[in-house]
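Which chain is which? The protein sequence lines are L and P, in order.
The working numbering puts the first residue of the first sequence at 80, with every later residue one more than the last.
The working numbering puts the first residue of the second sequence at 15, with every later residue one more than the last.
The structure appears right after this line, and notes come after that.
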Amino acid sequence: MNLLRLSLAYIRARALNAALNVLLLGLGVATIVVLLLFTHQFEQRLERDSKGIDLVVGAKGSPLQLILSSVYHVDIPTGNIPLADAEKLKTNPLIKATVPLALGDSYEGFRIVGTNHDYVSLYDGKTTEGRLWEKSYEAVLGSEVAAHARLKVGDKFVGSHGIVEAGEKHANSPYTIVGLLAPSGSVLDRLVLTSVESVWEIHGQGPHEKDGAEEDNRGDPSKPRHPQPQELTALLIQYASPMAAAMLPRQINSQSALQAASPAFESARLLNLVGVGVQTVQAFALILILCAGLSVFIALYNALRERSYDLAVMRSLGASRGKLLATILIEGLILASGGVVLGLALGHVLTEVLGGWLRASQRVYVTGWTVVPGELALVLTALAIGLLSALLPAVLAYRTDIAGVLARR
Amino acid sequence: MFALRQIRHAYDGQEVLRLDDWSVAQGEPWLILGPSGSGKTTLLHILAGILTPSEGSVAIAGQDLDQLPASELDRFRGRHIGIVFQRLHLISSLTVLGNLLLAQYLAGATQDLQGAHVLLASLGLADKAYSRPHALSFGQSQRAAVARAVVNKPLLILADEPTSNLDDATAVAALDVLLAQARSCNATLVIATHDRRIRERFEHQITLGAVS
């Protein structure tokens, strides 16, 4: 017999009530765990995908859209920019390096990106098989694309016009796969990479070009205009010095045809927008946890009355006041621990299940089998709430007037 | 074994107990008699160190209870005094055995599972060790409460109205159990009662009058 077993015996005696408290706390904790896991991995992903990209230059439009389309590959591009303008930027002394991007086609929902080999090194991409593209119509697949399409080196495939829903196929100009990339945990995994020239050439020979279909697509946002030869969709820029951050965006934005957007700034803005929703759910979860604390308090407080004899008897059996205080506190702590364990388990499993669905839709990669820093603070908070809700009942137990209780008729 | 001197106790300024001098030798069984409201339970609580009298001194086994700090008084009570409450107050969340082990744990004694089983068997409760108190008959509950009171081999056993509301045969049985257990650990037994049926069994008696 010890205090822990004594507290457990009391919890067992009111098992249903205890289960309710544990469940309530567990649901609150689980909700917050899901939020923590999602936001943390989402932020990590945003950070990973924009690493090494200081500035993106593209056509005028929404800066957020420019970043989403050319860094994260989730939105449609804002338009195209003349190659000449891009070439001019390369000579700017404030710029250390540039990577060209030509977008517009897709393969089974995965975007085909016309770029150069620097884009692969930006994400430390390595080929597991074959090599990177050299000639036109040679393509390299990201790991998720390869896994999804079950294609291997030497296979041919045909890209479709448009990047959201598959449009007409460029049947005349199939790509040949020359290499597969290793998983990098970045946006690279979901892309088909080829040369900028391939994108230009396909456009030059595309079926829609002959009958002028290109012009018809102008009004359809899901089928942006292909980059014409001598055009790029966007240019990724690395600064040469911190000074560039202050001068370059203004320089570029003052030009009529170009727009410069910073991934760091735009993703912060995006997180801010998402953050409002996250905070709302978080507040809701916190209310759940506080309710659980209140429920533990009420349960222990009510139990005190029926337990006053037990407490007095325990004192008469030699228990000090401190031990009575401890049994009640331990009880609160056991309930809180139960809720925390349930919440953590539920939160992680739920995140894995939700993450599985999202992975299937190829949008976001979220797994439940990871631990994020915020969880420790959450665990401590939940335990503190459990302890706090047991505090008043425990103090009342501490102050039990044993003779008074035992003399009661 | 214990000595009380000049005990006065008052609740809210009203005196409920007055006892000038009472000394008892180790192993003597005593009866505290008196009508309801004469302060029998109060006197038992004072003897148990649960209640500190308004005036007077209590010495048990040579130890002046006034001199003990609160937590040591709790420990002293757990070690040396066993109490059988009128309403027994077995802890219902624990088994009978759990109640005994709790008494050993709270007294700071080593928990002797074997000894607890032997004690329960000697009281005819061998098969009730793992029962909850609410599954016991009143007689069984009372013997379980006695077992809990004597499990630490106390020097002093206090029992509050152990035979009231019992029929003659059961009352005799309950008394026999108490006397036998007190004898087996050579403890001083003090019973507070208004039950006249058991008076002739006791050589030593003290009668409290109604204090006005």
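The beta-carbon is built from N, C-alpha and C at its ideal position, and this holds for glycine as well.
In this structure Y198/L is in contact with V178/L, their Cβ atoms being roughly 5 Å apart against a cut-off of 8 Å. Interface residue (Cβ-Cβ distance to chain P less than 8 Å): S395/L is classified as such.
Pairing G447/L with V113/L, the inter-Cα distance amounts to about 8 Å. For S274/L, the secondary structure class from DSSP, reduced to helix, strand or coil, is strand. With contact defined as three or more Cβ pairs closer than 8 Å, the region 397–405 of chain L and the region 107–123 of chain P are in contact. DSSP places Y202/L outside both helix and strand once states are collapsed to three, so it counts as coil. Neighbourhood of Y119/P in chain L, by CB distance below 7 Å: M80 and N81, in chain order.
For T312/L, DSSP records no beta bridge to any residue. Against chain L, a Cβ distance below 7 Å from G92/P picks out L396 and G397. Between L83/L and I409/L, the alpha-carbon positions lie close to 7 Å from each other. With a beta-carbon spacing of about 11 Å, I64/P and V72/P fall beyond the 8 Å limit used to define contacts. Rounded to the nearest whole angstrom, the C-alpha separation of H103/P and H427/L is 45 Å.
Counting along the chain, the unbroken beta strand (DSSP E) around V72/P starts and ends at E69 to I74. For G112/P, the residues of chain L that pass the 9 Å Cβ criterion are M80, R84, L85 and A88, in the order they occur in the chain. Taking 8 Å as the cut-off, the beta carbon of E310/L is found closer than this to the beta carbon of P161/L.
Approximately 29 Å separates the beta-carbon atoms of I464/L and R394/L; this is outside 8 Å, ruling out the contact. For Y380/L, there is no enclosing beta strand (DSSP E); the enclosing alpha helix (DSSP H) has its first and last residue at P342 to S395.
By the neighbour-count criterion, in which 16 or more other beta carbons inside 10 Å mark a residue as buried, S333/L falls on the exposed side. The region 373–387 of chain L and the region 444–462 of chain L do not touch, with fewer than 3 CB-CB distances between them shorter than 8 Å. With fewer than three CB-CB distances shorter than 8 Å, the region 32–46 of chain P does not count as touching the region 76–92 of chain P. Nearest to Y144/P by C-alpha distance, out of D190/P, L108/P and D174/P, is L108/P. DSSP places D26/P in the coil class of the three-state scheme, outside both helix and strand. Proximity of chain P to Y444/L at the Cβ level (cut-off 9 Å) is not reached, the minimal Cβ distance being about 49 Å.
Judged by their CB atoms, I205/P and P176/P are nearer to each other than the 8 Å cut-off. Taking a Cβ-Cβ threshold of 7 Å, the residues of chain L close to L108/P are A88, in chain order. By the CB criterion at 8 Å, V160/P and V98/P fall inside the cutoff. Rounded to whole angstroms, the separation of the alpha carbons of A261/L and L230/L is 14 Å.
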